[in-house]
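Contents: one structure, followed by commentary.
2 protein chains.
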Amino acid sequence: MSKPWQVVGIGNAIVDVLTQIEDSFLTENGVERGIMQLIDRDRAVELYSKMGPAREISGGSAANTIAGLAALGTRTAYVGKVKDDQLGEIFAHDMRAQGAGFETPLAPKDHEHETGRCMVLVSPDSERSMNTYLGVSEFLGPDDIDEHQMAGADWIFLEGYRFDGPDSVAAFAKAIRATKAAQGKVGITLSDPFCVERHRDEFLRMIRSDVDLLVANEHELKSLYQTDDLDAAMRSAQVDVPATACTVGGKGAHILAGDLHEHVPAEAVNVVDATGAGDLFVSGLMYGMTTGRDWKTCLRMGCVAAGEVISHIGARPEADLRELMAKEGMLAG
Amino acid sequence: MSKPWQVVGIGNAIVDVLTQIEDSFLTENGVERGIMQLIDRDRAVELYSKMGPAREISGGSAANTIAGLAALGTRTAYVGKVKDDQLGEIFAHDMRAQGAGFETPLAPKDHEHETGRCMVLVSPDSERSMNTYLGVSEFLGPDDIDEHQMAGADWIFLEGYRFDGPDSVAAFAKAIRATKAAQGKVGITLSDPFCVERHRDEFLRMIRSDVDLLVANEHELKSLYQTDDLDAAMRSAQVDVPATACTVGGKGAHILAGDLHEHVPAEAVNVVDATGAGDLFVSGLMYGMTTGRDWKTCLRMGCVAAGEVISHIGARPEADLRELMAKEGMLAG
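Chains as they are written, first to last, in the numbering used here: chain F, 137 to 469; chain B, 137 to 469.
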């Protein structure tokens with residue numbers, strides 16, 4: 137009998153606030169280009185007051201992955217903390233409207249923080265620089281993890297970013313325990329090279345003991361293994377984890393699984409906003425895995441989904457991902 | 137000495153909630169295609185629960201016009217009512233970040249309604265069907281009109297939609313009185329044929345006594361004068377108002393001013409989302425007027441601004457409008 141969920145994602149529930157900027161805005165405001173920076177509420181207010189008109193689109197790394205999987209028809213659910221406020225309502229709506237389950241208890245109206253948001257500054261060359269005020273998403277704890285849901289999941293997928301904040305490691309440990317006890321599998325993304333810096337030991341321990349699928353980009357993987365040599369980092373991951381998917385930006389992605397090492401090139405698309413590329417890569421990859429594709433097809437599906445999301449503003453899919461995959465012969469049309 | 141404001145807009149302060157739909161969604165949910173329907177909070181909750189993932193972008197008809205004028209470098213301000221809540225904060229930020237003044241007192245946190253929103257359902261052919269929960273925007277009243285600001289405006293621009301709701305006519309009357317007393321001029325858009333239906337007598341009275349610039353699309357103008365003959369409607373407007381701009385969708389726009397009647401064709405663009413076309417047409421038109429262009433150039437500027445906003449999702453300008461006008465030789469590059 138199949139389990140109720142194919143993939144359950146756990147991460148920071150965030151609404152993205154996206155605006156296009158000139159690179160001079162980054163230097164003038166001390167924003168580092170191309171990475172995610174955690175900011176506090178005061179800095180969030182300051183930066184928001186300086187940035188131009190924006191649009192709000194639900195985001196959050198694992199949430200984007202789950203939205204992509206749901207759009208592909210995968211049975212999914214998401215676990216992340218929003219508040220009972222307007223942005224929380226928007227986040228919950230967008231997740232459920234995409235077809236994903238979302239039942240994490242809301243932080244109450246009188247919580248001192250609000251629903252988290254990420255100011256995404258998109259440069260003319262489409263690179264994005266992210267400034268995240270975690271808000272209540274930081275307070276996801278073990279009580280928010282439903283062990284029955286975890287036991288009912290073929291896969292759980294954990295967001296590396298969630299290693300920031302109290303109770304997060306305990307929440308992940310509870311989720312992993314319940315999943316593994318029911319023969320489920322665990323995927324994780326390293327999220328960000330600086331996030332890896334902050335939590336390297338914890339990442340390595342978890343990866344070596346519990347993780348079945350590791351996802352990282354080249355910078356994160358090199359940071360994890362403290363090497364400048366991507367091949368060396370990939371060989372280390374190949375030893376540590378049953379399967380590692382490593383994205384290499386415009387050059388596509390690698391998969392390492394046992395003795396196998398495959399590479400596929402990226403999709404040729406007009407890049408508008410790189411936000412969500414890695415997240416949607418995971419959607420395509422895990423869609424392939426949960427439907428029994430060979431590794432190369434899984435990678436190609438990841439690249440198609442990533443290619444869609446970078447062709448427009450925002451980190452949630454807009455076009456029909458199944459149709460795009462059908463066009464490339466990966467799915468019956 | 138020039139006045140502090142070139143154009144002050146007054147209207148419903150609204151955040152748009154935009155999603156793409158198939159037309160079957162409209163029939164299944166009793167939404168009339170291509171127009172604006174006012175809905176109450178229960179209907180807003182119901183419709184939102186049924187619609188897909190969305191994105192939030194500040195909207196409101198006159199607010200879009202003012203945002204476009206501000207983007208063009210016009211000295212502008214906006215008057216409209218939002219609440220002290222997250223959507224209100226987004227609306228205020230986007231207006232000020234665009235360079236427009238916005239000082240209307242916020243409805244307090246304990247107000248029974250929230251900041252207004254409009255669920256914009258975009259069909260595959262780019263037509264939009266709007267479902268507006270006015271929220272606190274409906275409660276704009278005479279107390280929100282700053283007579284000093286009105287006296288400091290070359291033009292005020294009134295949104296026809298604002299005729300819905302208590303105190304609105306009184307607020308407009310106060311604004312008009314203060315503006316006219318200081319030799320300012322009054323523009324108005326009819327907003328929507330059904331809005332004209334609801335308030336025809338009031339519109340006609342105001343247009344004949346106070347209005348210097350009337351903006352309408354063909355359907356609104358025909359509704360105002362209760363005729364199926366657009367030429368007849370335009371001739372009536374020509375008698376009633378010093379200047380009338382009438383848009384005719386993909387066929388461009390007319391201007392009637394005294395004995396003059398000019399027409400310009402629409403811009404050839406790939407239409408993605410028709411939301412805001414009329415609003416940005418007014419931005420371009422009034423930018424031309426406030427910078428002393430001839431009527432034909434004013435119309436062309438209106439069509440360029442409208443062409444920009446329909447080429448993407450959302451009713452606020454994204455590309456550099458001045459650059460687009462420069463490309464067509466209307467501005468020095």
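A virtual CB, placed ideally from N, CA and C, is assigned to each residue, including glycine.
Remember, it's a predicted structure, so these values are computed and weren't measured experimentally.
Using 8 Å as the threshold, is the C-beta distance between residue i and residue j below it?
i	j	result
F/Asp409	F/His448	yes
B/Gly195	B/Thr155	no
F/Ala393	F/Ala373	no
B/Ala206	B/Gly235	yes
F/Thr268	F/Met172	yes
F/Asp221	F/Thr251	yes
F/Gly424	F/Cys439	no
B/Ile146	B/Leu326	no
F/Val332	F/Ser359	yes
B/Met461	B/Trp291	no
B/Asp415	B/Val256	no
B/Ile470	B/Arg253	This structure does not reach residue 470 of chain B, given that chain B is present from 137 up to 469, and the question cannot be answered.
F/Gly288	F/Pro140	yes
B/Ser265	B/Arg341	no
B/Ala203	B/Pro453	yes
F/Glu464	F/Leu435	no
F/Val144	F/Thr212	yes
F/Val351	F/Gly323	yes
F/Leu242	F/Lys219	yes
F/Arg458	F/Leu208	yes
F/Leu276	F/Lys217	yes
F/Ile157	F/Ser262	no
Using three-state DSSP, classify residue i as helix, strand or coil.
i	result
B/Leu208	coil
F/Ala379	strand
F/Met231	helix
B/Gly147	coil
B/Gly252	strand
B/Leu223	helix
B/Ala441	helix
B/Val343	The sequence given here has Ile at residue 343 of chain B, not Val. Helix at B/Ile343.
F/Glu464	coil
B/Ser197	helix
F/Lys217	coil
F/Lys316	helix
B/Leu326	coil
B/Arg191	strand
F/Asp337	helix
Would you mind telling me which residues of chain D sit closer than 7 Å to residue i, beta carbon to beta carbon, in chain order?
i	result
B/Met187	The structure shown contains no chain D; its protein chains are F and B.
Find the residues of chain B that neighbour residue i, judging by a C-beta separation of less than 9 Å, and give them in chain order.
i	result
F/Ala441	By Cβ distance, chain B contributes nothing, its closest Cβ being about 15 Å from F/Ala441, past 9 Å.
F/Ser194	Pro189, Ala190, Arg191
Sort the options by Cα distance to residue i and report the nearest one.
i	options	result
B/Asp346	B/Lys316, B/Thr363, B/Arg334, B/Leu360	B/Lys316
F/Thr433	F/Arg452, F/Glu459, F/Gly450, F/Ile391	F/Ile391
F/Ala198	F/Val256, F/His249, F/Arg458, F/Ala413	F/Ala413
B/Leu396	B/Glu403, B/Ile446, B/Val375, B/Cys439	B/Val375
F/Ala180	F/Glu398, F/Gly271, F/Asp365, F/Arg371	F/Gly271
B/Ile193	B/Gly450, B/Arg429, B/Gly296, B/Ala468	B/Gly450
B/Gly237	B/Phe308, B/Val153, B/Asp282, B/Val151	B/Asp282
F/Gln142	F/Val405, F/Ala402, F/Ala306, F/Met286	F/Met286
B/Leu349	B/Thr363, B/Lys321, B/Asp367	B/Lys321
F/Val445	F/Ala402, F/Asp364, F/Lys217, F/Ser273	F/Ala402
B/Val215	B/Leu208, B/Met231, B/Gly209, B/Ile226	B/Met231
F/Thr210	F/Ala314, F/Val405, F/Ala309, F/Thr427	F/Thr427
F/Ile343	F/Val218, F/Asp365, F/Ile312, F/Ala468	F/Ile312
F/Gln362	F/Cys382, F/Arg336, F/Thr383, F/Glu263	F/Arg336
B/Glu537	B/Leu366, B/Phe308, B/Asp367	Because chain B is modelled from 137 through 469, residue 537 of chain B falls outside the range shown and cannot be assessed.
What residues of chain F sit near residue i, judged by a beta carbon separation below 7 Å?
i	result
B/Tyr184	His229
B/Leu223	Gln222
B/Gly450	Arg191
B/Ile226	Glu192
Starting from residue i, find everything on chain F with Cβ-Cβ shorter than 9 Å and list it in chain order.
i	result
B/Leu205	Near B/Leu205 there are no residues of chain F at all, since even the closest Cβ is about 14 Å away, more than 9 Å.
Run down chain F in chain order and give the residues with a C-beta less than 8 Å from the C-beta of residue i.
i	result
B/Ile146	Those do not exist, as B/Ile146 stays about 20 Å from chain F at its closest Cβ, beyond 8 Å.
Flag residue i as yes when its Cβ comes closer than 7 Å to any non-hydrogen atom of the ligand MG, and as no otherwise.
i	result
F/Arg341	No copy of the ligand MG appears in this structure; indeed no ligand is present at all.
May I have a chain-ordered list of the beta strand (DSSP E) segments no shorter than 3 residues that lie completely inside the stretch 284-308 of chain F? 289-295
Start-end ranges of the alpha helix (DSSP H) lying completely within the stretch 356-423 of chain B, minimum 4 residues: 366-376
Output the residue ranges of the beta strand (DSSP E) runs that lie fully inside the stretch 258-283 of chain B and measure 3 residues or longer, sorted by chain position. 264-269
Could you tell me which whole alpha helix (DSSP H) segments of length 4 or greater appear in the stretch 157-188 of chain F? 159-164, 177-186
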